[in-house]
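Numbering-wise (our numbering), the sequence shown opens with residue 1 and increments by one. For glycine and all other residues, C-beta sits at the position ideal for the given N, C-alpha and C. Values in this document were obtained by computation on a predicted structure and should not be read as measured data. What follows is a short report on a single structure.
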Amino acid sequence: MNPSPYLQTRRRFVAASPSEIFELLRDPAMHPVIDGSGTVRASNTQESKLTLGSEFGMQMRLGVPYRISNTVVEFEQDRQIAWRHFSGHRWRYELEAVGSGTMVSETWDASRLRHKWLLRLMGFTRSTGPNMERTLERLAAQFPETTE
């Protein structure tokens, strides 16, 4: 757990290499597939391989449908990718090779926002952690363990 409700991290072991996971994370079309919040509906972007500075749009739904634009602000091949949208939230994934797979850390960083009270009012400080846990479960499900 994190000391601040505006900076939350969850971790999970995934039975895949960092490069396999990174390729999935950098493809905006896969974001609705792994999203554990139920809000990410579809990608508005033709680009299938995000890089540093890439801008990509997503169709969202939180009560009502809306669109949001994101910019990739951190990018280290097979290690880390992060993006933010207009309000400044950052979603970061960090990958660390561990044994036969990868430890994946997902971080939601809203610590620099001016209007944090709005996030609390809308319930994001309570729902984000469990949603990230579901996202990591869905991510892991894309790489089922194989037995020989």
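- A distance below 8 angstroms separates the beta carbons of Glu55 and Thr71.
- Cβ-Cβ distances below 8 angstroms link Arg11 to Met103, Val104, Ser105, Glu106 and Leu136 in the same chain, with the five nearest sequence neighbours on each side left out; the list follows chain order.
- Taking a 10 Å sphere around the C-beta of Gly36, we find 16 or more other C-beta atoms and assign the residue as buried.
- Counting along the chain, the unbroken alpha helix (DSSP H) around His31 starts and ends at His31 to Ile34.
- Spanning the alpha carbons of Ser43 and Lys49 requires a straight line of approximately 12 angstroms.
- For Leu25 and Leu52, the gap between their C-alpha atoms comes out near 13 angstroms.
- For the 8 angstroms CB-CB criterion, Gly129 and Gln8 form a contact.
- Annotation for Phe13: the continuous beta strand (DSSP E) segment containing it runs Leu7 to Val14.
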